[in-house]
Every structure is written in C-alpha cells, then in structure tokens.
Amino acid sequence: MIDAVLIGLAALCAGYFAVIVLYAGIGTSFAFIWLFFAALCLFLVYGKWYYRRNADRIPRWVPVSVVTTCVAGLTVFAAVCIMVFSGVAGSDPVGLDYVIVLGAQGKEHTVNGSLKLRLDKAIEYVEENPDTILVLSGGPMQGEEKSEAELMYDYLRYNGVRPDQMLMEKRSASTVENVAFSRLVIEQDRLARKRKREALFQPVGPGVEPLAPDKPLEIGVLTSNFHVFRARLTARKWGIENVSGIAAKSDPVLFVHLCVRECASIFKDRLVGNM
C-alpha cells in the first residue's frame, strides 16, 4: 500500500514538473524540486524493498532514522504551508494610510503575469479607498535603466490612478529591500506632509492649541497571495509594526509550485534573519 502511494506521488510530481515546463518554460525558478520529490519517493520505495531483503545486515537505527527524518520533514513542511495559505484567505483591510505594492520581475519588461495581477488589485483597492497612498516598490529591470516602479507607475496612471496617490521606490531587488526602502519613502513622505500641515495651520497667539499628534500609521503590503505571509513578517522585522496583508491572485496552474518555492524562501529568510 505504501509503495503504491509513493509511486503515485512520484508520478504526480514528475507530471507536474512537465506541466510547469510546458506552461512556463524550463527556466522557471525552482521547478526541478518536483523531479527531486519524484526521485525521493522512488528512492524510498527502493529502500523499503532493499531493507526487507537485507534486514539482518542493516542496523535498526538506519530505517528508523530515515522514517523519522521524512515524518519530521513532512510535518515542518505542512506547518509552513499552512502559514503560507493563511495569507490567501481573509478580507482586505480598509482605510490604510499607505500600501506597499511589491514588484514581480518577469522575463519580459512589461506588465504581465504576477505583476499585472498585483497592479490590478492595487487599482481595485484605491478605487475603494481613495485616500490611501500606493508605494510602488521595484528597482531597475535587468538590461534597462527604467525601474520596475516606473513601469508600475505608468500602468496605474494609464488606468486612472491619480499621480498624487503614488510614490515610487526605485532601488530594491528583493522582498527585504522592498520593505526597507519603502519604509524610508513612507517616512520621508510623512515628514513632508507634516511640515506642509504645520505651515498651513501654524498656531498664532497665546492659548491656541497646537496641531494634534499624528495617529499611528496603518500600512499594508500588497503582493501575491502565496507571498503575503513572508512579506508581513519581513515588514515587522524591519520596523513596520502595524502592517496588514493584501492578497492579489496568482497563476492557478503554478500556485502549488509557487507555494512550495515560498516555503523554501521562508526557511532561507528565517535562517539569515530577514524575518
């Protein structure tokens, strides 16, 4: 029974790899993990068969260690997947002060794929929350001087978003840099707006109350649904405490693959201290 399940999983993993290659190309990031999963399942089938025939020569701790490692790995992986999926569900927060829209570089220097889905979600959000300011985050695209933030700005402007409702962060090349540099942009904009208000409403004469202190900022991070969990934790790590996630749709064919890749990114960022 276990052998049949493992062989079936190996076939599914190999088949999904073929789908990814045909759908998105052989260069799809992290695609070969599915061939690794397929090979692992077949190796476990072979290992089980080999152990049954050589049980008297193989120490008991070897199969126990293999099974323990596999169960522990599956448990941890399942727990991380649940956390990733937690970013998919839930309603959008209302009335945020700023929303950081994360870039998504693709093969072509155009608004398509994940980036288009994120920008369409941003358009939908500002239509419902006209006072929210979008922070478009993305550095220079490979081989071009124009930044991803500028490409995003042009797309949103063409689709009716007001120029005064958008800020650009044009240096970042990763999720960590997206968050860190966008925070600086927000702080600079906040300070400029505060100075402008103070200039317009300068208290005059004794007994005049000064301006009320600024309320705590409410900031959102808009990204693909599978990426929301990591983006929020990264934002908190880099000093944005009151942060909400806004989930854009992702490619339905690649969704499972993107979630698996995201799990690996979460492990990496946790190890290096990015989140």
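Per the UniProt record's numbering: the sequence shown = residues 1 to 275.
In this text, a Cβ means the ideal position worked out from N, Cα and C, and glycines have one as well.
Since the structure is predicted, the reported quantities are computational estimates derived from the model, not experimental observations.
L134 is positioned such that its CB atom lies no closer than 7 angstroms to that of V179. For R171 against G139, the beta-carbon gap comes to about 5 angstroms, under 8 angstroms, which counts as contact. Segment contact: the region 2 to 20 against the region 32 to 43, three or more CB-CB distances shorter than 8 angstroms; contact assigned. Per the coordinates, the alpha-carbon of A199 lies some 10 angstroms from the alpha-carbon of R193.
In this structure, G47 and V66 form a Cβ contact; the two beta carbons are roughly 7 angstroms apart against a cut-off of 8 angstroms. Comparing C-alpha distances from H257 to each of R197, N129, F17 shows the shortest one belongs to F17.
Runs of beta strand (DSSP E) with 3 or more residues, each lying fully within the region 88 to 142, are found at 98 to 102, 133 to 137, listed in chain order. For I266, the closest C-alpha among the options Y50, V84, W49 is that of V84. In the DSSP assignment, V221 is bridged to I100, G245.
If you check the CB distance, L136 and Y153 come in under 7 angstroms. Membership of M168 in the beta strand (DSSP E) is indicated by the continuous run 166 to 169.
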